[in-house]
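Student: Structure incoming, see below.
Number of protein chains: 2
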Amino acid sequence: MNKNLTREKIINAADDLFYQQGFEHTSFSQISVQVKVSRGNFYYHFKTKNDILTAVIERRLKNTSTMLAQWQSQGQSPTERIRSFINILILNREKIQKFGCPVGTLNSELVKLNHPSKENAKEIFTQFHAWLSHQFSQLKHNHDADILAMHLLARSQGIATLASVFNDKNYIKQEVDSLHAWLTPYTNSLY
Amino acid sequence: MNKNLTREKIINAADDLFYQQGFEHTSFSQISVQVKVSRGNFYYHFKTKNDILTAVIERRLKNTSTMLAQWQSQGQSPTERIRSFINILILNREKIQKFGCPVGTLNSELVKLNHPSKENAKEIFTQFHAWLSHQFSQLKHNHDADILAMHLLARSQGIATLASVFNDKNYIKQEVDSLHAWLTPYTNSLY
DNA sequence: GTCTATATAATGATAGAC
DNA sequence: GTCTATCATTATATAGAC
Chain A
1 MNKNLTREKI
11 INAADDLFYQ
21 QGFEHTSFSQ
31 ISVQVKVSRG
41 NFYYHFKTKN
51 DILTAVIERR
61 LKNTSTMLAQ
71 WQSQGQSPTE
81 RIRSFINILI
91 LNREKIQKFG
101 CPVGTLNSEL
111 VKLNHPSKEN
121 AKEIFTQFHA
131 WLSHQFSQLK
141 HNHDADILAM
151 HLLARSQGIA
161 TLASVFNDKN
171 YIKQEVDSLH
181 AWLTPYTNSL
191 Y
Chain B
192 MNKNLTREKI
202 INAADDLFYQ
212 QGFEHTSFSQ
222 ISVQVKVSRG
232 NFYYHFKTKN
242 DILTAVIERR
252 LKNTSTMLAQ
262 WQSQGQSPTE
272 RIRSFINILI
282 LNREKIQKFG
292 CPVGTLNSEL
302 VKLNHPSKEN
312 AKEIFTQFHA
322 WLSHQFSQLK
332 HNHDADILAM
342 HLLARSQGIA
352 TLASVFNDKN
362 YIKQEVDSLH
372 AWLTPYTNSL
382 Y
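Protein chains in written order, with this note's numbering: chain A, 1 to 191; chain B, 192 to 382.
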């Protein structure tokens, strides 16, 4: 089998399992079963479990970049772009109810483990924050664009956490509506 | 040594370690070292690791009840009582920056592990929600007391998550101010 | 009630055949 | 590049002496 293909499969499976079960709870055995590769061959592609984590985070960073770039090109205004961000709560609703936010839960776990890759994972949050902050600054809110971006990130995180704990479908929709309503006043000062 | 005393010491140590490192990452060895009791004797008090978790959650439920009852008796108005809740973010700021919210992170971990005790841990959230909901209903917001309580819970969770990831002292203060400001309009409709 | 010694299973990781 | 066999370590958990 092609080297890079197997490597990609491993990263894929690890990404899913880390999200669904957490990093520490996921074992090499579980990943190798899913990829249908023996545990031994595994170490040809990754020398340590941390190396897989590094690759998974790198992958998520790239995916986030791609998604933000898409929103940037597709959204016709900063307001619409920010609404794209808010709506991922709806798009990924089922997974969020089951496993929480992939960014937030990975970061929380790595912070508790005081894991060397925690700074690496934090970068995913920083990506979202920089992008959101940029959108808000375009809404003539330069003075508090950072704060508004952090505020929106925090609310999304809280919604994802409670949604996974209470497992309530309507709750996410209700809070997403509330987020859209919160955003509206900021959009009026644009033109 | 007294039976119940050792038992209490074990629950205490486990409570701290589960908070600081997570449930799964914490081993019997670590707990026994902290309590200064041999691993063997450990099983005299708790038969399985899950039994310790059950005891820890039970302990947290009791502590939460006590705290909410105190706020109930000390706060002179529903508004002041809700502000007591908001201010735990300030009171526990250092720990939250290091380890996140003890309620949220435990629940998130148990959800990912699909652990049998997850329903048990969820009850801690339910306690806070019921109490907050009660306060809001006293502010003549019966129609949306539940929603306001969930909203406040979610924002607290999001703040705790981001505070632990970004490790920024001023951020918590800033968002707490924002929470107090958010609450104010609801308090005017009281008398 | 506390200890030491031990059983058992799973983990991350390595060596070497093919 | 993939495999089987194996190692060292750690984990939860048990048995039995004191």
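Don't be surprised by glycine CBs; every beta carbon is placed ideally from N, CA and C.
Taking a Cβ distance cut-off of 9 angstroms, strictly less, list which residues of the stretch 211-239 of chain B are near chain A, in chain order.
Tutor: Going along the stretch 211-239 of chain B in chain order, one finds Gln-211, Gln-212, Gly-213, Glu-215 and His-216 with a Cβ nearer than 9 angstroms to chain A.
Student: Could you please give the first and the last residue of the uninterrupted alpha helix (DSSP H) stretch that includes Asp-359 (chain B)?
Tutor: It is not in any alpha helix (DSSP H) - Asp-359 (chain B) carries neither H nor E in the DSSP assignment.
Student: Rounded to the nearest angstrom, what separates Ala-336 (chain B) and Phe-85 (chain A) at their Cα positions?
Tutor: So the two alpha carbons sit approximately 28 angstroms from each other.
Student: Measuring only between beta-carbons, confirm whether Gln-348 (chain B) sits less than 8 angstroms from chain A.
Tutor: Chain A contact via Cβ: present.
Student: Using 8 angstroms for Cβ pairs, my map puts Ile-159 (chain A) next to Ile-172 (chain A). What's the rounded Cβ distance?
Tutor: The pair is a contact, with the Cβ atoms about 6 angstroms apart (cut-off 8 angstroms).
Student: Within the continuous alpha helix (DSSP H) that includes Ser-256 (chain B), where are the two ends?
Tutor: 240-265 is the span of the alpha helix (DSSP H), which, as asked, contains Ser-256 (chain B).
Student: Between Ala-345 (chain B) and chain A, is the shortest Cβ-Cβ distance under 8 angstroms, so that the two count as touching?
Tutor: Yes, its Cβ sits closer than 8 angstroms to a Cβ of chain A.
Student: Taking only beta-carbon positions, decide if Phe-136 (chain A) is within less than 8 angstroms of chain B.
Tutor: False, the Cβ-Cβ gap to chain B never drops below 8 angstroms.
Student: Find the nearest neighbour of Asn-12 (chain A) within the set A:Phe-166, A:Val-35, A:Phe-136 and A:Tyr-186, judged by alpha-carbon distance.
Tutor: Among A:Phe-166, A:Val-35, A:Phe-136 and A:Tyr-186, the Cα nearest to that of Asn-12 (chain A) belongs to A:Val-35.
Student: At which residues does the alpha helix (DSSP H) containing Asn-107 (chain A) begin and terminate?
Tutor: Its alpha helix (DSSP H) spans residues 102-113.
Student: Would you mind telling me which residues of chain A sit closer than 8 angstroms to Phe-290 (chain B), beta carbon to beta carbon, in chain order?
Tutor: Here the neighbours are Val-111 and Lys-112.
Student: To the nearest angstrom, report how far apart Trp-71 (chain A) and Val-224 (chain B) are at their CA atoms.
Tutor: In a straight line, the C-alpha of Trp-71 (chain A) is about 52 angstroms away from that of Val-224 (chain B).
Student: Hey, Asn-311 (chain B) and Ile-248 (chain B): beta-carbon distance below 8 angstroms or not?
Tutor: Taking 8 angstroms as the Cβ cut-off, Asn-311 (chain B) and Ile-248 (chain B) qualify as a contacting pair.
Student: Excluding five sequence neighbours on each side, which residues of the same chain lie with their C-beta closer than 6 angstroms to the C-beta of Ala-181 (chain A)?
Tutor: So no residue of the chain qualifies.
Student: Could you confirm whether any beta carbon from chain A is found closer than 8 angstroms to the beta carbon of Glu-366 (chain B)?
Tutor: True, the Cβ-Cβ gap to chain A drops below 8 angstroms.
Student: Just to confirm, is the Cβ distance from Met-150 (chain A) to Leu-353 (chain B) under 8 angstroms?
Tutor: Their beta carbons are under 8 angstroms apart, which means Met-150 (chain A) touches Leu-353 (chain B) by this criterion.
Student: Excluding the 5 residues flanking Ser-220 (chain B) on each side, which residues of the same chain have their C-beta closer than 8 angstroms to its C-beta?
Tutor: Once the five neighbours on either side are set aside, the close Cβ partners of Ser-220 (chain B) are Arg-230.
Student: For Ser-133 (chain A), I'd like the list of residues in its chain whose CB is within less than 7 angstroms of its CB, leaving aside the five on either flank, ordered along the chain.
Tutor: For Ser-133 (chain A), where only same-chain residues beyond five positions count, the Cβ hits under 7 angstroms are Ala-145, Asp-146 and Ala-149.
Student: With 16 other CB atoms within 10 Å as the buried threshold, where does Tyr-134 (chain B) fall?
Tutor: In the structure displayed, chain B extends from 192 to 382; residue 134 (chain B) sits before or after that span and is not available.
Student: Out of B:Arg-251, B:Asn-305, B:Thr-270 and B:Phe-214, state which residue places its alpha-carbon closest to the alpha-carbon of Ser-328 (chain B).
Tutor: When each option's Cα is compared against that of Ser-328 (chain B), the closest is B:Thr-270.
Student: Which same chain residues, not among the five before or five after Leu-244 (chain B), have their C-beta less than 7 angstroms away from its C-beta?
Tutor: Same-chain partners within the cutoff: Phe-214 and Ser-308.
Student: Kindly provide the ranges of any alpha helix (DSSP H) runs that are 4 or more residues long and lie completely inside the stretch 192-232 of chain B, ordered along the chain.
Tutor: With a minimum length of 4 residues, the continuous alpha helix (DSSP H) runs that stay inside the stretch 192-232 of chain B are 194-212 and 219-226.
Student: Kindly indicate if chain A contains any beta-carbon less than 8 angstroms away from that of Lys-313 (chain B).
Tutor: Yes, Lys-313 (chain B) lies at the interface with chain A (some Cβ there is under 8 angstroms from its Cβ).
Student: Tell me whether Thr-217 (chain B) is buried or exposed, calling it buried when 16 or more other Cβ atoms sit within 10 Å of its Cβ.
Tutor: Result: buried.
Student: Tell me the DSSP secondary structure of Leu-330 (chain B) in three-state form.
Tutor: Leu-330 (chain B) falls in the coil class under three-state DSSP.
Student: Does DSSP classify Pro-307 (chain B) as helix, strand or coil?
Tutor: It is coil, neither helix nor strand.
Student: Looking at chain A, is there any beta carbon in it that lies within less than 8 angstroms of the beta carbon of Met-258 (chain B)?
Tutor: Answer no: the Cβ-Cβ gap between Met-258 (chain B) and chain A never drops below 8 angstroms.
Student: Can you tell me the Cα-Cα spacing of Lys-9 (chain A) and Asn-2 (chain A), whole angstroms?
Tutor: Whole-angstrom Cα-Cα distance: 11 angstroms.
Student: Would you tell me roughly how many angstroms separate the C-alpha atoms of Gln-97 (chain A) and Ser-347 (chain B), rounded to the nearest one?
Tutor: If I take the Cα positions, the gap works out to 18 angstroms.
Student: Would you call Pro-293 (chain B) buried or exposed, if buried means 16 or more other Cβ atoms sit within 10 Å of its Cβ?
Tutor: Buried, since its Cβ has 16 or more Cβ neighbours within 10 Å.
Student: Among B:Glu-314, B:Gln-212 and B:Ala-345, which residue has its Cα nearest to the Cα of Ser-256 (chain B)?
Tutor: Nearest of B:Glu-314, B:Gln-212 and B:Ala-345 to Ser-256 (chain B), Cα basis: B:Glu-314.
Student: Would the beta-carbon of Arg-274 (chain B) fall within 8 angstroms of that of Leu-343 (chain B)?
Tutor: Not closer than 8 angstroms, so no.
Student: Could you check the C-alpha separation between Met-67 (chain A) and Asn-41 (chain A) for me, to the nearest Å?
Tutor: About 33 angstroms.
Student: I want to see whether chain B comes within less than 8 angstroms of Ala-13 (chain A), judged by CB atoms only; does it?
Tutor: By this cut-off, Ala-13 (chain A) is not an interface position.
Student: So, is the C-beta of Ser-308 (chain B) closer than 8 angstroms to a C-beta in chain A?
Tutor: No - not a single Cβ of chain A is within 8 angstroms of the one on Ser-308 (chain B).
Student: Measure from the C-beta of Ser-164 (chain A) to each C-beta in chain B and report whether the shortest distance is under 8 angstroms.
Tutor: Chain B, which has a Cβ nearer than 8 angstroms to the Cβ of Ser-164 (chain A), makes this yes.
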